[in-house]
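Peer 1: Pasting a structure below so you can have a look.
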Amino acid sequence: MFEGKVAIITGATGGLGAQLVASFAAEGALIVAAGIDGFRGAALAQELGDKGCFVDVDVTDPQACSAVVEAAITRFGRLDILINNAGIIHVGNSENTTPDDWCRVLSVNLDGPFYMCRAAMAHLREFKGAIVNVGSDFSLVGGNDLVAYCASKGGLLQMTKAMALDHAAEGVRVNIVCPTVMDTPMVDELARQLGNDPDEQRRVYDAILPTGRMIAVDEVADAVIFLASAKARHITGTSLVVDGGVTAR
């Protein structure tokens, strides 16, 4: 599906990110995996071999984001796909979320994708490429004690739509996948912030979804691959919700 295409994937060392790397590589893409965990990144690079590389990146740094794009061009000579997957979560409402908490979440979840898109756009325009942002069901609805996270993911949805309009005539498509909670290490981080047992937290999330279970990372990766592929060649500015029916309520 992606033979000869080059994809940058941020947040590549996390649960969904590692699945995205594996799924895109299985479809023939050349991968620039970008993340903050050098140990896991080295393992990814070894698995990819000559089909990819790992770049250490802090997406809150515009220059670091530009360096990731330049690494793709230097290594492979082109850029076709950008997957903005890096993200963090913070539990808190408007009173107990500190300004530092707020800025940190917005910086990773919203500024980071903007910096990556800005750095990549000229190359994506040249090769008629695609951007897929990874949002959340909280891009669409509010949630208790997640004020910064909801703001960041809601903003990412609107940024997706605005960029899609800006660049549609240039042949660059911009879409967003909005998954509900997935069975990844982020569940453990949420449980830690809430003071809950991780296994109990998973049971709670299983019970919330109408389908009776959390979303698997490969199910979300399949949605991302679809939007990045030629099968979605006339789809831009839209959100693909992978939530087991949560937002249908």
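The working numbering numbers the first residue of the sequence shown as 1087 and each following residue consecutively. Every residue, glycine too, gets a C-beta built ideally from N, C-alpha and C. As the structure is a computational prediction, the values presented were derived from the model and not from experiment.
1. Got a sec, what are the start and stop residues for the alpha helix (DSSP H) Ile1159 sits in?
2. Can you confirm whether Val1273, when its beta carbon is compared against all beta carbons of chain C, has any partner nearer than 8 angstroms?
3. May I have a chain-ordered list of the alpha helix (DSSP H) segments no shorter than 4 residues that lie completely inside the segment 1202 to 1264?
4. Below 8 angstroms on the Cβ atoms is my contact criterion, and I expect Asn1195 with Ser1152 to pass it. Report the Cβ-Cβ distance as a whole number of Å.
5. Name the one or two DSSP bridge partners that Cys1139 has.
6. Report the CB separation of Tyr1291 from Val1267 in whole angstroms; it is logged as a contact under 8 angstroms.
7. Could you tell me which uninterrupted alpha helix (DSSP H) segments, each at least 4 residues in length, are contained entirely in the segment 1290 to 1322, listed from first to last along the chain?
8. Taking the alpha helix (DSSP H) that Leu1192 belongs to, which residues open and close that run?
9. Is Ala1119 buried or exposed, if buried means 16 or more other CB atoms sit within 10 Å of its CB?
10. Kindly indicate which three-state DSSP category Ala1093 falls into: helix, strand or coil?
11. Quick test of the definition: if touching needs 3 or more C-beta pairs under 8 angstroms, does the segment 1213 to 1228 touch the segment 1268 to 1279?
12. Can you tell me whether DSSP reads Ala1198 as helix, strand or coil?
13. Who are the Cβ neighbours of Val1092 in its own chain at under 6 angstroms, not counting the five residues just before and after it?
14. Checking 8 angstroms against the spacing of the C-beta atoms, do Thr1324 and Asn1261 come in under that value?
15. Going by the CB atoms, is the gap between Val1177 and Leu1232 shorter than 8 angstroms?
16. Considering only the alpha carbon of each residue, which of Gly1229, Ile1321, Phe1088, Gly1257 lies closest to Lys1137?
17. Is it buried or exposed for Gly1175, if we count other Cβ within 10 angstroms and need 16 for buried?
18. Contact between the segment 1278 to 1288 and the segment 1244 to 1257: three or more CB pairs below 8 angstroms?
19. Using only CA atoms, which one of Gly1173, Glu1212, Gly1228, Leu1192 lies nearest to Val1143?
20. Report the three-state DSSP secondary structure of Leu1326 (helix, strand or coil).
21. If you reduce the DSSP assignment to three classes, tell me which class Thr1127 lands in.
22. With respect to the beta strand (DSSP E) encompassing Leu1165, which residues constitute its N-terminal and C-terminal limits?
23. Which residues in the same chain have their Cβ closer than 8 angstroms to the Cβ of Asp1329, if we skip the five residues on either side of it in sequence?
24. Which residue's Cα is closest to the Cα of Leu1313: Val1227, Ala1277, Val1220?
Peer 2: The structure says:
1. 1148 to 1162
2. Considering every chain present, this structure includes no chain C. It has just one protein chain.
3. 1233 to 1253
4. At roughly 19 angstroms, the Cβ-Cβ gap does not stay under 8 angstroms, so Asn1195 and Ser1152 are not in contact.
5. Val1118
6. 5 angstroms
7. 1303 to 1314
8. 1185 to 1192
9. buried
10. strand
11. no
12. Just to set this straight, residue 1198 is Gly in the shown sequence, not Ala. Three-state DSSP puts Gly1198 in a helix.
13. Leu1116, Ala1158, Phe1162, Arg1164, Leu1165, Asp1166
14. yes
15. yes
16. Phe1088
17. The displayed chain sequence assigns Ile, not Gly, to residue 1175. Burial call: buried.
18. no
19. Gly1173
20. strand
21. According to the sequence displayed, residue 1127 carries Gly and not Thr. Correct three-state label for Gly1127: helix.
22. No beta strand (DSSP E) holds Leu1165; DSSP gives it neither H nor E.
23. Asp1223, Cys1264, Pro1265, Thr1266, Leu1295, Ile1301
24. Val1220
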